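Just so you know, the sequences run in chain order V and C.
When you read off a place in the first sequence, starting at 1, and then add 10, the result is the number in the working numbering.
When you read off a place in the second sequence, starting at 1, and then add 5, the result is the number in the working numbering.
Here a beta-carbon is modelled for each residue, glycine too, at the ideal position from N, C-alpha and C.
No experiment lies behind these values; they were computed from the predicted model shown.
For reference, the structure discussed in these notes is given below.
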Amino acid sequence: MAKYLLLKHYRGAPAAVNDVPMDQWTPEEVTAHVQYMRVFAARLEETGEFVDGQALAPEGTWVRYDGEGRPPVTDGPFPETKDLIAGWMVIDVDSHERALELAGELSAAPGAGGKPIHEWLELRPFLAEPPTVTE
Amino acid sequence: MTPAVDEALLRGLTPTVLAILVRRGADFAAAEDAVQEALVEALRVWPADPPRDPKGWLVTVAWRKFLDATRADAARRRREDIVDEEPEPGQAVGVDDTLQLYFLCAHPSLTPSSAVALTLRAVGGLTTRQIAAAYLVPEATMAQRVSRAKRTVSGVRFDQPGDVATVLRVLYLVFNEGYSGDVDLAAEAIRLTRQLAAVIDHPEVAGLLALMLLHHARRASRTAPDGSLVPLAEQDRGRWDTRLIAEGVEILQAALARDRLGEFQAQAAIAALHADAPTAEETDWVQIVEWYDELVRLTDSPLVRLNRAVAVGEADGPRAGLAELASLDEGLPRYAAVSAYLHERDGDLASAARLYAEAAAKATNLAERDHLTRQAARLNTRLRG
């Protein structure tokens, strides 16, 4: 009954415990990781908790308005500090505890050496619709 | 011109038709599927060819759908034998059957979101698409929720008495959800609670119905045209629906007269006192505090104590309210908002501004966050000026 956004980062999150870049894994380990994520999403679809999810390209661009009649400014003096979101999933669950449980499970996806990657995931609640009763 | 299908009539018949199928020997999950198919068929066929007996039509079609599905499923062939021995269609159905449906759909083995989904579909007659739209989730997700819910209760016997309190909790969850999509869930919750009140004589059912009516009566005044929140004290009381208020008060008084007080009756009593005040200043806060005392006794909920602190602040002044607040956990939702409000009334604008900003950061919905941010901005502007 509450929606949460699960964010997976390329960069910007604290380092994972099992912190080996994905390109250093074996192909089998990559496959196992991808498979884990797929099964995770499929299971959430079955429990009726899945809302949406997408993977994102690793490179994004910062953009801002630069005044009337001028083209927007892209990127800037801070490319090194920007977060990079690798992908997101929206879940709809009965409780905050359940959201934590699922995020923990996703963080346990296998990585190098077939061991859980223990990566940090960001869990953000959606601002809900105002309830009918507010007073 | 073809007349539109009377959806309210269709939905009102849903639990009765479902109960008839179950009584004739269909298992709950299969019967529910069949009724849904019959509803969809009705929406398609009725505009051009309205039936003389809508209920009979639905029973016949749903039963045929059920038989088709059963025949298609070899494992269920045995059930056809039972079917043959059943009496002819059109038998009267007891009110208890509808009540059993409410109990089943709110069964304690279901999670809140499953219970809500199943209630809206099996008792409310909403389509999966409508429920999904109301809860802003994909239709496939809602379909899974409904079918899991049906599997969960599939072993539950239909004749077991259930717990009214769980049913009321589910209906109140539906009511509180607000509305998106094409179904007004608050109105739907009221409809289902009315229907429940008609088949069961229980003061808390009446209490919940009264509470919903009293809240619903004030809905139009609660938000400005731009969607922003309007606090109770600033609401245009001329826009309150006096007909709904009168009905809510009447139902509440009859319930209270039976002297079996419960949480919903006490909440409705507070809502009634608000609805009864011609102006915010004339609100009977002393009596509201007394009702909060009852609620604390009934629920011992920290959130009720928080709301009580607001009422005490109005009845005995902001200092008294702040004293009440001091004994509560600062981590409670809306604690900062309440504290901000009481500090402002006490004249401590700097603290109030800081607390409003803190409350805004903790708000769980957009309208509330914007409202609290505006409060903080208003005080900060005043403090600078």
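Start-to-end residues for the alpha helix (DSSP H) that takes in Y46 of chain V
P37 to T57
Any residues in the segment 297-310 of chain C with a beta carbon nearer than 9 Å to a beta carbon of chain V? Which ones, in chain order?
none
As assigned by DSSP and simplified to three states, the class of E132 of chain V:
strand
To the nearest angstrom, report how far apart A271 of chain C and A259 of chain C are at their CA atoms.
13 Å
Assign R224 of chain C to buried or exposed, taking buried as 16 or more other Cβ atoms, counted over all protein chains shown, within 10 Å of its Cβ.
buried
What three-state label does DSSP hand I293 of chain C in the structure shown?
helix
Let me confirm a value: G121 of chain V is counted as buried when at least 16 other C-beta atoms fall within 10 Å, else exposed. Which label applies?
buried
Cβ of A43 of chain C within 7 Å of Cβ of K70 of chain C?
yes
For T103 of chain C, count neighbouring C-beta atoms within 10 Å of its own C-beta (all shown protein chains included) and say buried if the count is 16 or more, exposed if not.
buried
Do you know how far the Cα of E39 of chain V is from the Cα of T378 of chain C?
48 Å
Looking at D93 of chain V: is its Cβ nearer than 7 Å to the Cβ of V83 of chain V?
no
Should H112 of chain C go down as buried or exposed, given a rule of 16 or more other Cβ atoms within 10 Å for buried?
buried
Give every residue of the same chain whose Cβ lies closer than 7 Å to the Cβ of T7 of chain C, excluding the five residues on either side of it in the sequence, and list them in chain order.
Any answer about T7 of chain C is weak, because its pLDDT of 48 lies below 50 and its placement is not dependable; what the coordinates show is given next. Cβ neighbours of T7 of chain C beyond the five flanking positions: P52 and A53.
First and last residue of the alpha helix (DSSP H) that includes I250 of chain C?
T247 to L261
What residues in its chain sit with their C-beta under 7 Å from that of L388 of chain C, if we drop five residues either side in the sequence?
L354, A355 and A358
Contact list for E373 of chain C against chain V, beta-carbon separation under 7 Å:
P140
For the segment 262-281 of chain C and the segment 225-236 of chain C, state whether three or more C-beta atom pairs, one from each stretch, are separated by less than 8 Å.
no
Fully enclosed by the segment 90-118 of chain V, which beta strand (DSSP E) runs are 3 residues long or longer?
94-103
Quick one: what's got a C-beta closer than 7 Å to L216 of chain C's C-beta in the same chain, skipping five residues either side?
F269, Q272, A273 and A276
Smallest Cα separation from E139 of chain V: which of C:R28, C:G232, C:V158 and C:L384?
C:G232
Please report how far the alpha carbon of K367 of chain C lies from the alpha carbon of V343 of chain C, in whole angstroms.
13 Å
Would you report the Cα separation of A145 of chain C and L54 of chain V, rounded to the nearest angstrom?
11 Å
Does DSSP classify G63 of chain V as helix, strand or coil?
strand
Apply the 10 Å Cβ neighbour rule to A185 of chain C and answer buried if 16 or more other Cβ atoms are within range, or exposed otherwise.
The sequence shown places Ser at residue 185 of chain C, rather than the Ala named in the question. By the 10 Å Cβ count, S185 of chain C comes out exposed.
Just checking my contact of P141 of chain V with N28 of chain V at CB under 8 Å: how many whole Å lie between their CB atoms?
At roughly 42 Å, the Cβ-Cβ gap does not stay under 8 Å, so P141 of chain V and N28 of chain V are not in contact.
Closer than 8 Å by beta-carbon distance: list the chain V residues that pair up with P117 of chain C, in chain order.
M11 and D104
Find the nearest neighbour of H221 of chain C within the set C:E182, C:D187 and C:P208, judged by alpha-carbon distance.
C:E182
DSSP-derived helix/strand/coil call for N370 of chain C
strand
Taking the DSSP output, what are the residues bridged to R196 of chain C?
DSSP output for R196 of chain C lists no bridge partner at all.
Taking 7 Å as the CB-CB limit, is E115 of chain V close to chain C?
no
Please decide whether V143 of chain V counts as near chain C, where near means a Cβ-Cβ distance under 7 Å.
yes
Look at the Cβ atom of D33 of chain V, then the Cβ atom of V61 of chain V, and state whether they are nearer than 7 Å.
no
For the alpha helix (DSSP H) containing V20 of chain V, list its first residue and its last residue.
The sequence shown places Tyr at residue 20 of chain V, rather than the Val named in the question. That residue, Y20 of chain V, is in no alpha helix (DSSP H); its beta strand (DSSP E) goes A12 to R21.
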